[in-house]
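Data block below; observations after.
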Amino acid sequence: MKKVIAFVAVVVCFSVTTAMAQGGPGGQMTPEQRAAQMKERLAPANLTAVQQDSVIAIWNDRAIMAQVYGTSDFQSISREDRMAKAPAMNEARQKRLEKAGLSADQAKKVVELLSMRPGGGGRPGGGK
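Numbering (mature numbering (1 follows the signal peptide of the UniProt record, and there is no 0)) for the sequence shown: -21 to -1, 1 to 107.
Structure representation (structure tokens):
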């Protein structure tokens, strides 16, 4: 009987750690949640609602990514390549933001606000 209880305890421990490693239901945000989070992060830039919507559309535009990286599939790009081309991506986005009617200062502020990771950067869970 003790062996059965010990075995069940081990199985439960492995099940719990596996479930915790998968991130749970809060792992993926819906597009609406992502847009709301971006609007919250854009608050210091003092943009109108129309400008905020334009910024979000530009920021999520895969055509800019395809132009800079040569592909619109962000998952296929290595982390090193993304880091190396991040300045070019931000510059392309800033130019597009200026074409959309934002001033150069506003566009620069938007790129700065949205390029930073929430919480001051770094990877959650230890930063490998």
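Glycine residues also receive a C-beta, built at the ideal position from the N, C-alpha and C atoms.
Check, Outcome
"Provide the residue span of the alpha helix (DSSP H) that contains residue 110, from first to last.", "The requested residue 110 is not part of the displayed model; the chain covers only -21 to 107."
"Could you check what DSSP says for A39 in three-state terms: helix, strand or coil?", "The identity of residue 39 in the sequence shown is Asn, whereas the question assumes Ala. Looking at N39 - three-state DSSP - the assignment turns out to be coil, as it is neither helix nor strand."
"Tell me whether S55 sits in a helix, a strand or coil according to DSSP, three-state version.", "helix"
"When you compare each of L81, R41, S55, G49 to S33 by their alpha carbons, which one comes out closest?", "L81"
"Quick check on DSSP: helix, strand or coil for Q7?", "coil"
"Looking only at its own chain, which residues have a Cβ that is under 7 Å from the Cβ of L21, when we skip the five neighbours before and after it?", "Q31, V34, V89, L92"
"Report buried or exposed for R72, applying the criterion of at least 16 other Cβ atoms within 10 angstroms of its Cβ.", "buried"
"Could you tell me the alpha carbon to alpha carbon distance between K74 and I56, rounded to whole angstroms?", "23 Å"
"Which residues in the same chain as E52 place their Cβ atom closer than 6 Å to its Cβ, once the five residues preceding and following it in sequence are excluded?", "Looking at the sequence provided, one finds Asp at residue 52 rather than Glu. Taken in chain order, the list of residues that qualify is empty."
"Could you compute how far the alpha carbon of M95 sits from the alpha carbon of M17?", "11 Å"
"Cα separation between I43 and M62?", "16 Å"
"Apart from the five residues on each side of it in sequence, which residues of its chain come closer than 7 Å, Cβ to Cβ, to N69?", "V90, S94"
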